[in-house]
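Student: What follows is a single structure, and I will ask about it in a moment.
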Amino acid sequence: MGTPTSGGRHRRRIRFALPVAAATLAAAVGGVLLMSTADAATAAPTPVRTSPSTAEIDARLAIALDGDEIAGESSSKASQSASTGTASVDPKIIGGSTTTIANAPWMAQLWYGDDRGTTTTRDDIGFFCGGAVVAPTKILTAAHCVKGYDWKAHGVVVTGTAQLLSEDAGGNLDLHGGTARGVWRQWNYPSYNDVTIDNDIALLTLPTPVKATPIPMTTAGDTASYTAGTPAKVFGWGRTSSTSQDISDLLKTAELPIQSNATCSDAYGSDFVAGHMVCAGEPATGSDTGTTSACNGDSGGPLVVGGRIVGVVSWGVRDCVAAGAYSVFSKVTTYVGATYPRVDDTNLTGDNYADVWVRNSSSKTGYELPSKGSSLGSRASWGSYSAWNLVVQTDLDRDGFQDLIQRRTSDGDVYWRHYVPSSGSWVSNLLADNWKTRLAIVAPGDVTGDTLPDVLSVDSAGVLWIHPGLGNGKIGTAVKAGTGWNQYNVVRGHGDFNNDGRADLLARNKSTGAVYLFKGTGQAGTGAFAAGLKVATWATTTYNVFDTVGDVNGDGKADLLTRTPAGTLYLYKGTGKNTSEIFATRVSLGTGFQQYDLFG
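Residue 1 is where the sequence shown starts when you use the UniProt record's numbering, and the numbers rise one by one after that.
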């Protein structure tokens, strides 16, 4: 097929570097309302996260700056991607203009530096890719920048600056006002093919949030953004000329019109996979003059339409200006269903398995049971939870740390309990006043399509309300989403059950036991959910507890937990199907769960 469009920097070499100022997470916690004395002192486990030291970040950045590799080619697995005998692929921004970080605050620099553990520099791996902040701890990029590399051990993400990392006159690394983070986890689309560069999309998870303003991905089913002729903008620091390997020190952008699948297929034949890829730009002229294109070093960067990412820079012809060539991008609408769960996957232990919060009915002690994928591990105590009658797991401020929404029995006040890394403590803020009579409180994720997680509730009259999340642990003015919801004795949701990238709800009719999936539409108000789709019939004698905590088995699909009256806990793994078959055959997670009276 061809080569991906990253790397190829040929910048001046770094000989040594002094430490860069470490990025510090500042926590501004205002209006804190503590609980009762006993509950305020409740012990809670510390979320698991680790970050590289300042010295380690500096060392990685120095290697990355000194390196000259191309992502997707420097590892043994990816080395096959150089060519398949057809178009040699290799994109940058040639043409276009410089821009500021104010115009693209979500842009991220991805630096990879691995010294291979040897005393020689000859085998070092160092390269650069672009990316975009899609949530405070999430960076969307290309799979060829991620697969085959250990980003937790060797990667650094720099945000908040339009200027590339460099060394100053004294030989010190200069972030130019940006901040640097290590990487906590990495994910690439499972079917990514490093030969054909198909399914070229990935996500990096940071250990702590960045201040950069995120940009949303487009939604599943978006066709308007891909209409031929639609103006799109690409952003990156890649090569600016076909005759030089130098990449741009300043962020650049260019407008590229979307091309039809037919046009792209005519240009690239079978290398272009319709539905998985989109190409954009006017046909290249054969030289820099008259050509506007992405190029080497732009890999992983965003293609933007209407303020949303519709594509990720993937590949193009070598040197980027061959006559008739176009830049090729991964088509985000195809992958948002698989990517969305990876954006909304916070938990206590920091892995990609959703944990289960429970309360012992006798001692009133809260516990978190960490998921191991197909089983649950040893429980971690949260101390006394005697004052509460509802707990919901979520991440209202999208900081990558699991939060709890909990309702106090005495007055119905609802609190947002969240972890503050800078102080290493848990803090509670009032979220809603006197929700004692609410029949359900749910935190399914982003319902309204603004990327911010929302809270839903059902009042005593059966009205379903959406309380739009503001992204800071607070909620906005309630919006009425429907009536008649008091017919359900269970209303639950956490994540996307039908793989379309939108948060959904599950509800069980209290008379018939019929269980319905209400598919999210990404809209606010009465159109927020489609008509219910029956997916099961489970009376209370079959299951007396439903719990939705997200992706329990780590496959990127939302799951359902159910408990029998006798105390057996079952996992229904999500299938991601857009039909009534949204769950696979149940799997037992153990017995004895009748001891718990609250589930998160």
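Built from N, CA and C at the ideal position, the CB exists for glycine as well.
1) Which runs of the beta strand (DSSP E) fall wholly inside the region 540 to 597 and span at least 3 residues, in chain order?
2) Please list, in chain order, all residues of the same chain as Arg379 whose beta carbon is under 6 Å from its beta carbon, the five residues on each side excluded.
3) Is it buried or exposed, Lys77, if we count other Cβ atoms within 10 angstroms and call 16 or more buried?
4) Which partner residues of His418 appear in the DSSP bridge assignment?
5) Would DSSP call Leu61 helix, strand or coil?
6) Can you give me the C-alpha to C-alpha distance between Ala87 and Val273, rounded to a whole angstrom?
7) Given a threshold of 16 other Cβ atoms within 10 Å of its Cβ, counted over all protein chains shown, does Gly424 qualify as buried or as exposed?
8) Would the region 384 to 396 count as touching the region 182 to 202 if we require 3 or more Cβ pairs under 8 Å?
9) What residues in its chain sit with their C-beta under 8 Å from that of Asp124, if we drop five residues either side in the sequence?
10) Helix, strand or coil: which one does DSSP assign to Glu282?
11) By how many angstroms is the C-alpha of Val463 removed from the C-alpha of residue 616?
12) Grab me the residues of Asp454's own chain with a C-beta within less than 7 Å of its C-beta, minus the 5 sequence neighbours each way, in chain order.
13) Between Ala478 and the rest of its own chain, which residues show a CB-CB distance below 6 Å, the 5 nearest in sequence each way excluded?
14) Name the residue from Asp397, Asp597 and Ala220 whose alpha carbon lies nearest to the alpha carbon of Leu569.
15) Closest to Ala325 by CA distance: which of Arg342, Ala294 and Arg407 is it?
16) Measure the CB-CB distance between Trp111 and Val158 and report whether it falls below 8 Å.
17) So Gly301 packs on Ile258, CB below 8 Å; how close in whole Å?
18) Using CA atoms only, rank isn't needed, just tell me which of Ala531, Ala108 and His494 is closest to Pro341.
19) Just reading off the beta strand (DSSP E) that Arg308 is part of, what are its end residues?
20) Evaluate Thr253 with the Cβ neighbour count: other Cβ atoms within 10 Å of its Cβ, from every protein chain shown; 16 or more gives buried, anything less gives exposed.
21) Can you give me the C-alpha to C-alpha distance between Val420 and Ser327, rounded to a whole angstrom?
22) Leu18 to Thr120, Cα distance in whole Å?
23) How about the region 100 to 111 and the region 153 to 171: do they share at least three Cβ pairs that are nearer than 8 Å?
24) According to DSSP, is Lys152 helix, strand or coil?
25) In angstroms, rounded to a whole number, what distance separates the CA positions of Ser225 and Met217?
26) Taking Cβ positions, are Gly590 and Leu348 nearer each other than 8 Å?
27) From the DSSP output, which residues share a beta bridge with Asn360?
28) Consult DSSP for Arg508 and reduce its assignment to one of helix, strand or coil.
29) For Ser361, collect the residues of the same chain with a Cβ closer than 7 Å to its Cβ; drop the 5 residues on either side in sequence, then sort them by chain order.
30) Since residue 609 and Gly148 should fall inside the 8 Å C-beta cutoff, what is the C-beta to C-beta distance between them, to a whole number of angstroms?
31) Which residues share a DSSP beta bridge with Ile258?
32) What would DSSP say about Val343, mapped onto helix, strand or coil?
33) Quick one: what's got a C-beta closer than 8 Å to Lys364's C-beta in the same chain, skipping five residues either side?
34) Quickly, what does DSSP pair Lys436 with across the bridge? List them, please.
35) Just list the residues that DSSP pairs Glu167 with in beta bridges.
36) Asp271 by DSSP, collapsed to three states: which one?
Tutor: By the coordinates alone:
1) 545 to 550, 559 to 563, 569 to 572 and 587 to 590
2) Tyr367 and Leu369
3) Reliability of the predicted coordinates at Lys77 is poor, the pLDDT of 27 falling under 50, and the value obtained from them is presented with this limitation in mind. Its Cβ having fewer than 16 others within 10 Å, Lys77 is exposed.
4) Val427
5) helix
6) The predicted position of Ala87 is uncertain, since its pLDDT is 36 and thus under 50; a value taken from the coordinates is nonetheless stated next. Rounded to whole angstroms, Ala87 to Val273 spans 14 Å at the Cα level.
7) exposed
8) no
9) Ile63, Asp66, Gly67, Gly113, Asp114, Asp115 and Arg116
10) coil
11) Residue 616 lies beyond the residue range present for the chain, which begins at 1 and ends at 600; the question has no answer from this structure.
12) Asp446, Val447, Thr448, Ile466, His467, Pro468 and Gly469
13) Trp465 and His467
14) Asp597
15) Ala294
16) yes
17) With 8 Å as the limit, Gly301 and Ile258 do not qualify as a contact, their Cβ atoms being about 16 Å apart.
18) His494
19) Arg308 to Trp315
20) buried
21) 43 Å
22) In this prediction, Leu18 has a pLDDT of 21, which is less than 50 and means its spatial position is unreliable; what the coordinates show is noted afterwards. Going from the Cα of Leu18 to the Cα of Thr120 covers about 20 Å.
23) yes
24) helix
25) 12 Å
26) no
27) Tyr596
28) strand
29) Gln595, Tyr596 and Asp597
30) Because residue 609 is not part of the residues shown, which for the chain are 1 to 600, the question remains open.
31) Ala280
32) helix
33) Ser384, Tyr385 and Ser386
34) DSSP, once it has assigned bridges, lists no residue as partnering Lys436.
35) Leu173
36) helix
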